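Sequences listed follow chains S and P, in order. Using the UniProt record's numbering, the first residue of the first sequence is number 1, and each one after it goes up by one. Using the UniProt record's numbering, the first residue of the second sequence is number 1, and each one after it goes up by one. Let me begin by presenting the structure, written as structure tokens, before commenting on it.
2 protein chains.
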Amino acid sequence: MRIVIPLFERFTALDAVGPYDVLTHLPGAEVVLAAAEAGPVRDGAGRLALTADAALADITACDVLVVPGGPGARDYPADGPLLDWLRRTHEGTRWTTSVCTGSLLLGAAGLLTGRTATTHWARTGQLATYGATYTPERVVVDGKLITAAGVSAGLDMALTLVALLADQLTAEAIQLLIEYDPQPPFDAGSLAKASPAARERLRTL
Amino acid sequence: MRIVIPLFERFTALDAVGPYDVLTHLPGAEVVLAAAEAGPVRDGAGRLALTADAALADITACDVLVVPGGPGARDYPADGPLLDWLRRTHEGTRWTTSVCTGSLLLGAAGLLTGRTATTHWARTGQLATYGATYTPERVVVDGKLITAAGVSAGLDMALTLVALLADQLTAEAIQLLIEYDPQPPFDAGSLAKASPAARERLRTL
Chain S
1 MRIVIPLFER FTALDAVGPY DVLTHLPGAE VVLAAAEAGP VRDGAGRLAL
51 TADAALADIT ACDVLVVPGG PGARDYPADG PLLDWLRRTH EGTRWTTSVC
101 TGSLLLGAAG LLTGRTATTH WARTGQLATY GATYTPERVV VDGKLITAAG
151 VSAGLDMALT LVALLADQLT AEAIQLLIEY DPQPPFDAGS LAKASPAARE
201 RLRTL
Chain P
1 MRIVIPLFER FTALDAVGPY DVLTHLPGAE VVLAAAEAGP VRDGAGRLAL
51 TADAALADIT ACDVLVVPGG PGARDYPADG PLLDWLRRTH EGTRWTTSVC
101 TGSLLLGAAG LLTGRTATTH WARTGQLATY GATYTPERVV VDGKLITAAG
151 VSAGLDMALT LVALLADQLT AEAIQLLIEY DPQPPFDAGS LAKASPAARE
201 RLRTL
């Protein structure tokens, strides 16, 4: 089973690496990082580069797509190499998934028309412009499309995906392996939970 | 404020990237990935490389250390370049932190003697050999040492660290930004919660 994570300039590292570190433990899965060209791809924060081991053009099919988001996903050019590749590759996938604003890339590729989907809380309006119905859940499954909310939701999505690809016991085993027993020190991880003061602080960051 | 994440062959990507994607949003912080030599460093799963932008030898001081774990941390050679560097750099840090088996590197460097600390649940015995007292908590603060439990605990540690470096409101703002409102689809993220069947499945992965 081949799982491809396509990278692009100014992606969010955790969007890609959260699912990566879950899915690499799935028996029989080969995870491949790909980009327009093989080589290092710089993230949105600019202090990190992940190496793409393959060029998109060299990948004509895969079983699972995991599309990360990031600043570069919000304004990805309509004629960029990724969108055509997503359209073509999606036709043959078993599951096409996204994390955070990765759903905007799926939308820009025309794959979310008439579908329910989620994205980062700050980008729900842009999601709607692609004909998708925003659903305020952490992981949304619609047919073979699975979209996740912002950044860290990729972990919850990837465990859901493992249960679909293998079974719940395998997902639980991987959850134990990565000790995913979250205990955030604060309770501000959603718009509904964050205080007005925390939202105001975020605007200044 | 300079935050350094030292990489080594066979590190666990999420151990590094979880804290990275929290700490890069901290105002005034410069996050640097470093390794024995600058360039790509391959992770433990082998399907990913992160680029180290600096060589350890070029970094003589930093404010915060974030040491990831991974398969390469469990058997890191006693005369490898990282341990001496950790010992020297730790002297000047404000906070020295680890994720998962990164604490074994701190231990091998002699920095945990007589301290309370945590690590991945499967490596508590090795932690004790370095003179540390294992504490079964997700994030353990002892003086300027902060250790986190396995892999995904780096997110909880990093938010704790932001509150210490800046304030709670900044940590909450970053938590909202990365939408860290975890909703794991299963409840198997610790030894106490995972079923015997899930633990058995993990042994077969």
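Cβ atoms here follow ideal geometry from the backbone N, Cα and C, with glycine treated the same way. These numbers come from a predicted model, not from an experiment.
- Message: Which residues in chain P have a C-beta closer than 8 Å to the C-beta of residue 199 of chain S? List them in chain order.
- Response: Simply 173, 176.
- Give the DSSP bridge partners of residue 154 of chain S, in chain order. Answer by DSSP bridge pairing: none, since residue 154 of chain S is not bridged.
- Taking 8 Å as the CB-CB limit, is residue 184 of chain S close to chain P? Closer than 8 Å: yes.
- Task: Using 10 angstroms around the beta-carbon of residue 82 of chain P, count the other beta-carbons present and answer buried if the total reaches 16, otherwise exposed.
- Result: Using a 10 angstroms sphere on the CB of residue 82 of chain P, the tally of other CB atoms reaches 16 or more, which defines it as buried.
- Message: I need the straight-line Cα distance from residue 41 of chain P to residue 45 of chain S, nearest angstrom please.
- Response: The alpha-carbon atoms of residue 41 of chain P and residue 45 of chain S are separated by roughly 19 Å.
- What runs of the alpha helix (DSSP H), each 4 residues or longer, lie entirely inside the region 115-186 of chain S? Every alpha helix (DSSP H) of 4 residues or more that sits fully in the region 115-186 of chain S is shown, in chain order, as 124-128, 153-165, 168-177.
- Does the Cβ of residue 200 of chain S have 16 or more other Cβ atoms within 10 Å, making it buried, or fewer, making it exposed? With fewer than 16 other Cβ atoms inside 10 Å of its own Cβ, residue 200 of chain S counts as exposed.
- Item | Contact with chain P by residue 103 of chain S, beta-carbon distance below 8 Å | The beta carbon of residue 103 of chain S sits no closer than 8 Å to any beta carbon of chain P.
- chain P within 8 Å of residue 47 of chain S, Cβ atoms only: Interface residue, yes.
- What residue from P/119, P/7, P/62, P/36 has the CA that sits closest to residue 29 of chain P's CA? Among P/119, P/7, P/62, P/36, the Cα nearest to that of residue 29 of chain P is on P/62.
- Query: Going by C-alpha distance, which of S/65, S/26, S/23 is nearest residue 7 of chain S?
  - Reply: Of the residues S/65, S/26, S/23, the one whose Cα lies closest to the Cα of residue 7 of chain S is S/65.
- Does residue 159 of chain S come within less than 8 Å of chain P when only Cβ atoms are used? Proximity of residue 159 of chain S to chain P, defined by a Cβ-Cβ separation below 8 Å, is satisfied.
- Query: Is residue 199 of chain S helix, strand or coil by DSSP?
  - Reply: In this structure, DSSP gives residue 199 of chain S a helical state, which the three-state scheme calls helix.
- Query: Among S/158, S/48, S/9, S/15, which has the Cα closest to the Cα of residue 209 of chain S?
  - Reply: As displayed, chain S neither begins before 1 nor continues past 205, which places residue 209 of chain S out of reach and without an answer.
- CA-CA distance, residue 102 of chain P and residue 132 of chain S? Whole-angstrom Cα-Cα distance: 42 Å.
- Message: To the nearest angstrom, how far is the alpha carbon of residue 142 of chain S from that of residue 117 of chain S?
- Response: In this structure, the straight-line span from the alpha carbon of residue 142 of chain S to that of residue 117 of chain S is close to 7 Å.
- Query: Roughly how many angstroms lie between the CA atoms of residue 12 of chain P and residue 20 of chain P, to the nearest whole one?
  - Reply: Rounded to the nearest angstrom, the two C-alpha atoms are 13 Å apart.
- Task: Would you please verify whether the beta carbon of residue 92 of chain S is less than 8 Å from any beta carbon of chain P?
- Result: No, no contact with chain P.
- Task: Give the range of the beta strand (DSSP E) segment to which residue 39 of chain S is assigned.
- Result: Its beta strand (DSSP E) spans residues 39-42.
- Min CB distance residue 156 of chain S to chain P below 8 Å: Chain P, which has a Cβ nearer than 8 Å to the Cβ of residue 156 of chain S, makes this yes.
- Message: Considering Cα atoms alone, identify which of P/51, P/1, P/157, P/124 is closest to residue 74 of chain P.
- Response: The residue with the shortest Cα to Cα distance from residue 74 of chain P is P/124.
- Message: Counting only C-beta atoms, is residue 74 of chain P closer than 8 Å to chain S at any point?
- Response: Chain S contact via Cβ: absent.
- Message: So with CB distances below 9 Å, who are the chain A contacts of residue 141 of chain P?
- Response: Here the protein chains are S and P, and chain A is not one of them.
- Using a Cβ-Cβ cut-off of 8 Å, state whether residue 179 of chain P counts as contacting chain S. Look at residue 179 of chain P: its C-beta is under 8 Å from a C-beta on chain S.
- Message: Quick check on DSSP: helix, strand or coil for residue 6 of chain P?
- Response: Three-state result, residue 6 of chain P: strand.
- Task: Output the boundary residues of the alpha helix (DSSP H) element that contains residue 89 of chain P.
- Result: In this chain, the alpha helix (DSSP H) harbouring residue 89 of chain P covers 81-90.
- Query: Once you ignore the five residues that flank residue 231 of chain S on each side, which residues in its own chain have a CB closer than 6 Å to its CB?
  - Reply: No information on residue 231 of chain S is available, as it lies outside the stretch 1 to 205 that chain S covers here.
- Task: For residue 24 of chain P, name the three-state secondary structure that DSSP assigns.
- Result: In the three-state reduction of the DSSP assignment, residue 24 of chain P falls in the coil class.
- Task: Take residue 4 of chain P as the anchor and find which of P/104, P/205, P/52 has the nearest alpha-carbon.
- Result: The shortest C-alpha separation from residue 4 of chain P is found at P/52.
- Name, please, each residue of chain S whose Cβ falls closer than 7 Å to the Cβ of residue 126 of chain P. Those within 7 Å of residue 126 of chain P in chain S number zero; the least Cβ separation is about 16 Å.
- Task: Apply the 10 Å Cβ neighbour rule to residue 197 of chain S and answer buried if 16 or more other Cβ atoms are within range, or exposed otherwise.
- Result: Counting every other CB atom within 10 Å of its CB across the protein chains shown gives residue 197 of chain S a total below 16, marking it as exposed.
- Query: CB-CB under 6 Å to residue 111 of chain S, same chain, minus the five flanking residues each way: which ones, in chain order?
  - Reply: Its chain contains 90 as the residues whose beta carbon lies nearer than 6 Å to that of residue 111 of chain S, once the 5 sequence neighbours on both sides are disregarded; these appear in chain order.
- Item | Which listed residue (S/9, S/1, S/135, S/178) has its alpha carbon closest to that of residue 36 of chain S | Shortest Cα-Cα distance from residue 36 of chain S to any of S/9, S/1, S/135, S/178 involves S/9.
- List the DSSP bridge partners of residue 98 of chain S. Beta-bridge pairing by DSSP links residue 98 of chain S to S/67, S/147.
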